[in-house]
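Let me begin by presenting the structure, written as structure tokens, before commenting on it.
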Amino acid sequence: MNIAGLLGILAAVSIAVFSILDAAKNPKVFADVHGIVLVIGGTLTVALLSFNFKSLWTALKIVTRKMLGRERVDYLGTIGTIVEISEAYRRDPKSVPALMKPETHPFIKDGVKLLVEYGFNYDELADVLTNALRGKKKRDDEEIKVWHTMSRFPPAFGLLGATLGMISLLQTLGEPGAQDRIGPAMATALVATFYGLVVANLILIPISEKLQTVSKADVTLREIIKEGILLVHEKKHPLFIKEYLKSFLSPAQREDEGALKVDTAKKAA
Numbered sequence: 210m211n212i213a214g215l216l217g218i219l220a221a222v223s224i225a226v227f228s229i230l231d232a233a234k235n236p237k238v239f240a241d242v243h244g245i246v247l248v249i250g251g252t253l254t255v256a257l258l259s260f261n262f263k264s265l266w267t268a269l270k271i272v273t274r275k276m277l278g279r280e281r282v283d284y285l286g287t288i289g290t291i292v293e294i295s296e297a298y299r300r301d302p303k304s305v306p307a308l309m310k311p312e313t314h315p316f317i318k319d320g321v322k323l324l325v326e327y328g329f330n331y332d333e334l335a336d337v338l339t340n341a342l343r344g345k346k347k348r349d350d351e352e353i354k355v356w357h358t359m360s361r362f363p364p365a366f367g368l369l370g371a372t373l374g375m376i377s378l379l380q381t382l383g384e385p386g387a388q389d390r391i392g393p394a395m396a397t398a399l400v401a402t403f404y405g406l407v408v409a410n411l412i413l414i415p416i417s418e419k420l421q422t423v424s425k426a427d428v429t430l431r432e433i434i435k436e437g438i439l440l441v442h443e444k445k446h447p448l449f450i451k452e453y454l455k456s457f458l459s460p461a462q463r464e465d466e467g468a469l470k471v472d473t474a475k476k477a478a
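Take any residue in the sequence shown, note its place counting from 1, add 209, and you have its number in the numbering used here.
In structure tokens, the structure reads:
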């Protein structure tokens with residue numbers, strides 16, 4: 210489970226609750242059904258108008274898995290697997306499929322199938338893997354677009370709620386006792402703006418940013434796999450493959466290099 214994602218959700222809820230309890234003398238003023246319905250209902254309406262139901266349902270499932278799922282991307286473990294494949298491929302290409310395990314990355318499995326079972330040449334292999342990578346990035350961008358689009362509208366609907374509240378208030382200014390109702394009425398009108406800002410800045414925008422971060426990490430991993438499979442096809446030396454693939458990583462991401470060397474030595478033995 211992604212502990213950071215879970216803590217982020219708890220922190221967002223805590224901040225919203227604390228703000229409500231601490232900001233107002235009477236927190237019940239925030240229980241404004243009009244503002245909640247306008248912000249949440251308006252945002253969902255715009256989402257349904259902008260995207261089909263299947264896209265929204267897929268985006269919801271994806272965000273649950275990526276926000277709360279396992280966050281760490283095992284770059285070095287993937288490089289180690291590719292080095293192991295390269296060693297086996299240099300000895301006997303037919304032995305490579307036996308190295309595939311249930312936890313092996315699906316993109317590695319696809320690359321091995323193209324490499325060994327289908328026997329594609331270098332250009333064909335590069336074209337298929339590049340197109341698969343491009344397709345994955347396009348799907349990720351579509352998922353991110355759903356949440357990015359939704360994050361733009363809650364503040365607008367919050368402002369709309371505040372505007373409607375002010376209109377209602379101004380209509381009663383000429384009535385007796387109107388001056389006593391100005392403060393409470395303005396507070397109620399601004400509740401919708403509060404909910405719009407909370408939904409956008411504590412929920413939708415962070416989700417969009419998180420999905421973008423996860424997508425970038427996944428694309429980098431798949432780039433490593435693609436380049437690794439192509440180098441395996443050329444039967445490059447395993448040490449060259451390891452160092453070349455590590456060049457995709459930052460110095461901090463290479464800090465487990467010693468463990469990779471030990472694992473690679475054991476697999477080669």
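Just so you know, even glycine gets a beta-carbon here, dropped at the ideal spot from N, CA and C.
Span of the alpha helix (DSSP H) around I438: I414 to H442
Within 8 Å, do at least three Cβ pairs link the stretch 217-229 to the stretch 405-414? yes
Locate the alpha helix (DSSP H) running through K318, then write down its first and last residues. P315 to V321
Please classify G367: does DSSP put it in a helix, a strand, or coil? helix
Spatial neighbours of L439 within its chain, please: C-beta separation below 8 Å, excluding the five flanking residues on both sides. Y331, L334, A335 and L338
With a cut-off of 8 Å on the beta carbons, I'd call L413 and M359 a contact; round off their distance for me. 5 Å
Count the other CB atoms within 10 Å of the CB of K475; is the residue buried (16 or more) or exposed (fewer)? The predicted position of K475 is uncertain, since its pLDDT is 44 and thus under 50; a value taken from the coordinates is nonetheless stated next. Classification of K475: exposed, given that the 10 Å Cβ count is below 16.
8 Å Cβ cutoff met for I317 and I434: yes
Looking at the structure shown, is P311 part of a helix, part of a strand, or coil, going by DSSP? coil
State buried or exposed for I376, treating a residue as buried only when at least 16 other CB atoms are found within 10 Å of its CB. exposed
How about L420 and V248: are their beta carbons less than 8 Å apart? no
Is the beta carbon of I291 closer than 8 Å to that of K455? no
Beta-carbon within less than 6 Å of Y453's beta-carbon, same chain only, minus the 5 sequence neighbours each way: which residues are those? none
Is it buried or exposed for I416, if we count other Cβ within 10 angstroms and need 16 for buried? buried
For G479, the nearest candidate out of L458, R431 and I450 (CA to CA): A query on residue 479 cannot be resolved here, the shown segment of the chain reaching from 210 to 478 and no further.
State the CB to CB distance for the pair A268 and E352, rounded to an integer number of angstroms; the pair is presumed to be in contact (CB under 8 Å). 5 Å
Can you tell me which of I450, S264, F329 and K234 puts its alpha carbon nearest to the alpha carbon of V355? S264
Reference K275; option with closest CA among A426, L458, R463 and A341: A426
A220 in three-state terms, based on DSSP: helix
What's the C-alpha gap between R343 and H314? 17 Å
Give me the Cα-Cα distance between A477 and Y298, rounded to the nearest whole angstrom. Bear in mind that the predicted position of A477 carries a pLDDT of just 40, short of 50, making it unreliable; the figure below should be weighed with that in mind. One C-alpha to the other measures close to 12 Å.
State the start and end residues of the unbroken alpha helix (DSSP H) segment that holds Y298. Y284 to R300
Residue span of the alpha helix (DSSP H) that contains L448, given as start and end: P447 to K455
Let me make sure I understand the geometry here. Which of D283, L258, G251 and I245 has the alpha-carbon closest to that of V423? D283
If you draw a straight line from the C-alpha of L369 to the C-alpha of G437, how long is it? 53 Å
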